[in-house]
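Colleague:
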Amino acid sequence: MKREERLVTQITPKSEDFSRWYVDVIRRAELADYAPMKGMMVIRPYGYAIWENIQAHLDRRIKATGHVNAYFPLFIPESFLRKEMDHLKGFAPEVAWVTHGGQEELEERLAVRPTSEAIIGAMYAKWIQSWRDLPVLINQWANVVRWEKVTRPFLRTTEFLWQEGHTAHETEEEAREETLKILRLYQEFIETELAIPVIAGKKTSKEKFAGALETYSVEALMSDGRALQMGTSHHLGQHFSRVFNIRFEDRNQNLQYVWQTSWGVSTRLIGAVIMSHGDDSGLKLPPRIAPIQVIIVPISIGNWKEKVLPVALDLEKKLAAAGIRVKLDAREEYTPGWKFAEYELRGVPLRVEVGPRDIKENQVILVRRDNGEKLATSQDNLVERIIDCLEAIQKNLFTLALNFQKENTHDVDSYEDFKKIIEERRGFIRAWWCGEVSCEEAIKEETSATIRVIPLEKIREGEGCCLYCKKKATDYVYFARAY
RNA sequence: CGGGGAGUAGCGCAGCCUGGUUAGCGCGCCUGCCUUGGGAGCAGGAGGUCGUCGGUUCAAAUCCGAUCUCCCCGACCA
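Everything in the first sequence is counted per the numbering used here, starting at 21 for the first residue and increasing by one.
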């Protein structure tokens with residue numbers, strides 16, 4: 021879109037400067053604002069409403085699979101973090117420490133949780149004695165702090181909101197099943213509610229979580245061609261149960277350590293929604309998570325208050341009764357054109373225009389944010405038509421994102437092609453890999469692309485040789501430059 | 001944490017090099033009139049410790065030092 025043709029100004033065009041566009045959208049749509057401390061942001065009401073909708077959809081799924089919510093402390097004693105050395109080493113550089121309580125210096129420093137495995141492990145040790153106590157399936161919605169060096173609103177902030185599930189099981193098999201069940205749950209949730217297609221797979225040992233046996237993740241491709249990790253699910257094995265002494269007496273009266281998992285998604289998902297669907301005019305929110313699904317704009321001409329407003333009010337009432345998140349903007353201080361642009365910027369999926377002309381025709385104008393289509397629609401059965409339209413928008417956003425992902429996924433056999441694509445087009449690149457960390461690191465060093473996942477689905481038959489070292493390959497994997 | 005750029009009204013910027021009346025402009029905001037089918041028009045008005053701290057000077061937005069924050073590109077991460 022040419023600059024002068026754009027309907028919404030005041031944000032940098034996406035094609036001109038993606039990073040700036042991203043930040044402009046966040047600020048203009050009032051999703052978040054910078055706080056006066058480095059790397060911290062305020063999630064404003066409109067942004068928080070999106071998070072609440074995300075929470076509602078995900079929480080329902082988490083509970084439907086037998087998990088319950090609880091809340092653990094914000095602080096973790098240093099000695100607890102030190103118990104699992106890989107875990108400590110992984111997080112040490114980014115932990116914020118509390119050293120004083122009031123005027124008193126603490127005998128032992130307290131970490132502001134970067135994640136809660138340690139404190140939850142300590143509690144599980146107290147709660148679990150018998151196989152009858154298992155499995156323990158607990159989730160918590162919380163904030164965590166990681167002192168990152170480089171931050172970006174929603175994608176990487178010093179403090180962020182997330183959910184973290186922590187489970188304990190009798191057998192390794194059960195824990196692995198849980199890990200994969202959650203990974204699939206995340207995939208279904210993200211694709212259904214956020215309309216973002218993801219690749220589910222396993223992380224390489226280099227990329228796995230500090231302290232885990234195996235890490236799985238769902239990865240999405242953003243519209244600038246970079247990958248974003250959208251959720252992770254870890255099979256922790258017995259690493260934490262051994263150091264926190266989480267033991268139980270099994271069915272054969274043997275004392276055993278539990279098998280654990282942990283998994284999470286964060287407010288980063290909001291960043292993914294912005295980057296996956298947005299355009300030069302601003303946000304495009306999937307209806308399922310949009311704080312406002314339908315905006316009604318009355319065309320305020322002549323005696324509109326007598327003729328148009330009652331129809332608009334009636335429609336608002338009916339839509340609200342049908343469970344639609346609807347808003348009627350009848351303010352006289354702003355022109356209809358101004359409102360059109362404003363709600364487009366804010367990503368409202370569907371706009372209903374009602375004017376004197378429409379009243380005469382017994383119709384309204386529906387305008388879709390996903391494709392800009394304007395549809396003159398009869399007022400008969402309008403609520404049903406709107407519900408169908410929202411469903412169509414949700415589906416279309418997913419389809420558009422899926423097409424983009426497909427168009428930007430490249431299969432390569434030669435390292436030369438690999439480098440060329442990474443430089444010129446980015447996107448996902450699929451290639452054979454030998455399983456060696458050395459090749460993974462060399463490729464990262466030379467191209468800054470990393471292995472995002474070893475996909476769960478087999479995507480290529482036969483055998484091949486490693487993209488880098490040309491030795492026999494073990495896996496056909498996804499590479500990308502990532503956030 | 002390394003390299004680069006930037007902080008002047010809510011937002012976007014000019015002024016700084018070459019120090020000197022009352023620090024400007026566009027958008028936004030307030031009041032009034034008039035308008036309203038894609039961010040209307042006219043008139044009047046409010047809003048600033050020039051990021052912060054310190055130094056040089058008769059005089060600092062401007063020169064010097066320190067510090068905080070943001071953006072971009074790398075190394076690290078949800």
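Even glycine gets a Cβ: it sits at the ideal position worked out from N, Cα and C.
What residue range is occupied by the uninterrupted alpha helix (DSSP H) comprising residue 414?
Modeller: 402 to 427
Colleague: If we ignore side chains and look at the alpha-carbon of each, how far apart do residue 357 and residue 304 end up?
Modeller: 18 Å
Colleague: Is it true that the region 185 to 205 meets the region 151 to 167, where meeting means three or more beta-carbon pairs spaced less than 8 Å apart?
Modeller: yes
Colleague: Does DSSP put residue 27 in a helix, in a strand, or in coil?
Modeller: Any reading at residue 27 must be qualified, since the residue scores a pLDDT of 40, below 50, and its modelled position is unreliable; the value itself is stated next. If DSSP states are grouped into helix, strand and coil, residue 27 belongs with coil.
Colleague: Whose C-alpha, out of 387, 367 and 476, is nearest the C-alpha of residue 49?
Modeller: 367
Colleague: Just grab the DSSP bridge partners of residue 470 for me.
Modeller: 500
Colleague: Counting only runs of 3+ residues fully inside the region 314 to 385, write out the beta strand (DSSP E) ranges in chain order.
Modeller: 314 to 318, 346 to 348 and 370 to 374
Colleague: Measuring CA to CA, which of 344, 315 and 258 is closest to residue 372?
Modeller: 315
Colleague: Who are the Cβ neighbours of residue 205 in its own chain at under 7 Å, not counting the five residues just before and after it?
Modeller: 81 and 85
Colleague: Name the residue from 379, 485 and 292 whose alpha carbon lies nearest to the alpha carbon of residue 434.
Modeller: 485
Colleague: Could you give the uninterrupted runs of the alpha helix (DSSP H) lying entirely in the region 233 to 294, keeping only those of 4 residues or more?
Modeller: Qualifying alpha helix (DSSP H) stretches, in chain order: 259 to 264.
Colleague: Name the one or two DSSP bridge partners that residue 115 has.
Modeller: Bridge partners of residue 115: none, in fact.
Colleague: Whole beta strand (DSSP E) runs in the region 56 to 117 with 3 or more residues, listed along the chain?
Modeller: Fully enclosed beta strand (DSSP E) runs of 3 or longer: 61 to 63 and 95 to 97.
Colleague: How would you write the range of the beta strand (DSSP E) that residue 148 sits in, first residue to last?
Modeller: Residue 148 -> no beta strand (DSSP E), and no H or E assigned at all.
Colleague: Which of the three DSSP states is assigned to residue 46 in this structure?
Modeller: helix
Colleague: What separation, rounded to the nearest whole angstrom, lies between the Cα atoms of residue 300 and residue 493?
Modeller: 42 Å
Colleague: Less than 6 Å between C-beta atoms, sequence neighbours within five positions excluded: which residues of the same chain meet that for residue 474?
Modeller: Leaving aside the five residues that flank residue 474 on each side, the residues in its chain whose CB is nearer than 6 Å to its CB run, in chain order, 221, 222, 495 and 497.
Colleague: Residues in the same chain with beta-carbon distance under 7 Å from residue 399, minus the five sequence neighbours each way, listed in chain order, please.
Modeller: 382, 383 and 384
Colleague: Residue 436 to residue 250, Cα distance in whole Å?
Modeller: 29 Å
Colleague: Let me know if residue 359 comes out buried or exposed under the rule of 16 or more other beta-carbons within 10 Å of its beta-carbon.
Modeller: buried
Colleague: Could you have a look at residue 41 and say whether DSSP puts it in helix, strand or coil?
Modeller: helix
Colleague: Measuring CA to CA, which of 145, 225 and 282 is closest to residue 265?
Modeller: 145
Colleague: Less than 7 Å between C-beta atoms, sequence neighbours within five positions excluded: which residues of the same chain meet that for residue 198?
Modeller: 187, 189 and 281
Colleague: For residue 379, tell me which candidate among 414, 355 and 319 has the shortest Cα-Cα distance.
Modeller: 319
Colleague: With DSSP as the reference, identify every bridge partner of residue 160, one or two as the case may be.
Modeller: 184
Colleague: For residue 15, which beta-bridge partners are listed by DSSP?
Modeller: Missing from the structure shown is residue 15; the chain here goes from 21 to 503 and no further.
Colleague: Using CA atoms only, rank isn't needed, just tell me which of 55, 194, 77 and 51 is closest to residue 65.
Modeller: For the options 55, 194, 77 and 51, the alpha carbon positioned closest to that of residue 65 is the one of 51.
Colleague: Considering only the alpha carbon of each residue, which of 130, 77, 57 and 269 lies closest to residue 147?
Modeller: 269
Colleague: Kindly confirm or deny that the region 412 to 422 and the region 385 to 393 touch, where touching means at least three C-beta pairs closer than 8 Å.
Modeller: Yes: the two stretches touch, three or more of their Cβ pairs being nearer than 8 Å.
Colleague: Excluding five sequence neighbours on each side, which residues of the same chain lie with their C-beta closer than 6 Å to the C-beta of residue 41?
Modeller: 32 and 34
Colleague: For residue 116, which residues of its own chain have a beta-carbon under 6 Å away from its beta-carbon, when the five flanking residues on both sides are left out?
Modeller: 132, 165 and 167
Colleague: Output needed for residue 332: all residues of its chain with C-beta closer than 6 Å, excluding positions within five of it in sequence on either side, in chain order.
Modeller: 316, 318, 348 and 374
Colleague: Short check: CB of residue 62 to CB of residue 53, under 8 Å?
Modeller: yes
Colleague: Locate the alpha helix (DSSP H) running through residue 199, then write down its first and last residues.
Modeller: It spans 192 to 213 - the alpha helix (DSSP H) in which residue 199 sits, taken as one unbroken run.
Colleague: Could you work out which residue in 387, 344 and 352 is closest to residue 364 when comparing CA atoms only?
Modeller: 387
Colleague: Quick one: what's residue 512 bridged to in DSSP?
Modeller: A question about residue 512 goes unanswered here, because the residues of the chain that appear run from 21 up to 503.
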